[in-house]
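Residue numbers (the working numbering): 228 to 564. Quick reminder that beta carbons are idealized off the backbone N, C-alpha and C, glycines included. Given the structure is predicted, the values throughout are model-derived calculations rather than measurements. Contents: one structure, followed by commentary.
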RNA sequence: AAACAUUCGUUGAUU
């Protein structure tokens, strides 16, 4: 059991959730009983992969083992159902929790607000208030994220005001605000909130860069990178992905090549989202040969990198290559979406 | 001897 758990948590930490689930299957076949830590990891994997069916199976397993009321387990169940969009189940599990903490509430709220169910979200917030639990910075970040994904700037402003009243500044809520303003097209506000954050980490930088990239402001986006380096903040894979997105326009290819070189230096080229961002960047700039080169170096291709490459050939009018790709894609067991 | 856990912020293609 110890070594199984080591395997499972190890993979979970590296975000290899598919592996978590396949180990879990092996574990079941070997007839080894999970403990609460294993169950948490498995549910987490189902949550991230939005595997509702397997989540439900695992829920029965949890009940069968008598872990249902274990503290971490029940919160993870709420999270899993929330993430999978099974909000009734989420609510059911939540209702059965005897001692609810902020995480329980936040997981439920994330489910409702993430699925744009405003009324339900408000209801939960109200219930929370009635039970004397006040929203924390995570609650705010959750609510703001929902505003960002729908571009609901009014609501975002409202929450921003509430935060200013209550919370001392918080990095999570701060980054979400940077992101929210950027997504709604208010880049100055985004920059302003960003400037006011005292401890800036890589994620809030990335949010800012992503805002500039989205609007095609290559200079600004790449300027951020320089500043980050000055401040001694390490660029992470996300930074490169955001920055590469800023390199779609004319005259950006040389900067993009520099980024590519840095990515190689930092050994991020094998990370799927980074390499597909590279493929995409070369495609957008019309360098299909280089796109292909990066693509071929990938250890495995997912739908996204296939689609990026195919889109390039379509743009190029190279029908033959398009069909070629579709065939190879099929052979690799990747189905188009 | 070993795993110790849940909620939150940024990021890839197409539509």
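Distance between residue j and residue i (C-alpha atoms, nearest Å)
i: residue 297; j: residue 484; result: 51 Å
i: residue 332; j: residue 477; result: 48 Å
i: residue 472; j: residue 494; result: 19 Å
i: residue 443; j: residue 414; result: 12 Å
i: residue 281; j: residue 238; result: 18 Å
i: residue 231; j: residue 244; result: 15 Å
i: residue 228; j: residue 349; result: 43 Å
i: residue 377; j: residue 347; result: 17 Å
i: residue 527; j: residue 236; result: 23 Å
i: residue 299; j: residue 548; result: 51 Å
i: residue 389; j: residue 365; result: 13 Å
i: residue 328; j: residue 321; result: 11 Å
i: residue 492; j: residue 463; result: 12 Å
i: residue 374; j: residue 352; result: 16 Å
i: residue 455; j: residue 545; result: 41 Å
i: residue 392; j: residue 345; result: 22 Å
i: residue 360; j: residue 326; result: 12 Å
i: residue 460; j: residue 506; result: 26 Å
i: residue 318; j: residue 556; result: 40 Å
i: residue 256; j: residue 496; result: 36 Å
i: residue 570; j: residue 306; result: Residue 570 lies beyond the residue range present for the chain, which begins at 228 and ends at 564; the question has no answer from this structure.
i: residue 194; j: residue 481; result: The displayed coordinates of the chain run from 228 to 564. Any statement about residue 194 would go beyond what the structure contains.
i: residue 452; j: residue 265; result: 40 Å
i: residue 285; j: residue 323; result: 17 Å
i: residue 387; j: residue 308; result: 28 Å
i: residue 252; j: residue 564; result: 27 Å
i: residue 559; j: residue 518; result: 19 Å
Cut-off 8 Å between Cβ atoms - residues of its own chain near residue i, not counting five sequence neighbours on either side
i: residue 241; result: none
i: residue 248; result: 269, 272, 273, 276, 278 and 281
i: residue 479; result: 445, 473 and 512
i: residue 490; result: 467, 496, 501 and 505
i: residue 311; result: 273, 274, 277, 278, 279 and 282
Beta-carbon contacts of residue i that lie in its chain and below 7 Å, excluding the five residues immediately before and after
i: residue 468; result: 500, 501 and 504
i: residue 552; result: 533, 536, 537 and 540
i: residue 194; result: The requested residue 194 does not occur in the structure, where the chain is confined to residues 228 to 564.
i: residue 531; result: 503
i: residue 400; result: 364, 367, 368, 371, 390 and 394
i: residue 295; result: 289 and 301
i: residue 417; result: 405, 408, 409, 435 and 438
i: residue 234; result: 250
i: residue 521; result: 502, 505, 506 and 509
i: residue 543; result: 515
Residue i (DSSP reduced to helix, strand or coil)
i: residue 444; result: coil
i: residue 280; result: helix
i: residue 246; result: helix
i: residue 238; result: helix
i: residue 525; result: coil
i: residue 259; result: coil
i: residue 227; result: One cannot answer for residue 227 here, as it falls past the ends of the chain, which runs 228 to 564.
i: residue 546; result: helix
i: residue 464; result: helix
i: residue 297; result: coil
i: residue 266; result: helix
i: residue 474; result: coil
i: residue 232; result: helix
i: residue 363; result: coil
i: residue 534; result: helix
i: residue 551; result: helix
Cut-off 6 Å between Cβ atoms - residues of its own chain near residue i, not counting five sequence neighbours on either side
i: residue 254; result: 231
i: residue 439; result: 447 and 448
i: residue 355; result: 332
i: residue 403; result: 368, 371 and 372
Taking only runs of the beta strand (DSSP E) that begin and end inside the region 300-360, which ones reach a length of at least 3 residues, in chain order?
-> Qualifying beta strand (DSSP E) stretches: none in this window.
Which runs of the alpha helix (DSSP H), 4 residues or longer, sit entirely within the region 367-395?
-> Those alpha helix (DSSP H) runs which fall completely within the region 367-395 and span 4+ residues are 380-393.
Where in the region 494-521 do unbroken runs of the alpha helix (DSSP H), each at least 4 residues long, occur, reported from the N-terminal end onward?
-> Counting only runs that start and end inside the region 494-521, the alpha helix (DSSP H) elements of at least 4 residues fall at 499-511.
Please go through the region 397-458 and give each complete alpha helix (DSSP H) segment of 4 or more residues, from N-terminal end onward.
-> If only complete runs of 4 or more residues are kept, the region 397-458 shows the alpha helix (DSSP H) at 398-410, 414-423, 429-441 and 445-458, in order along the chain.
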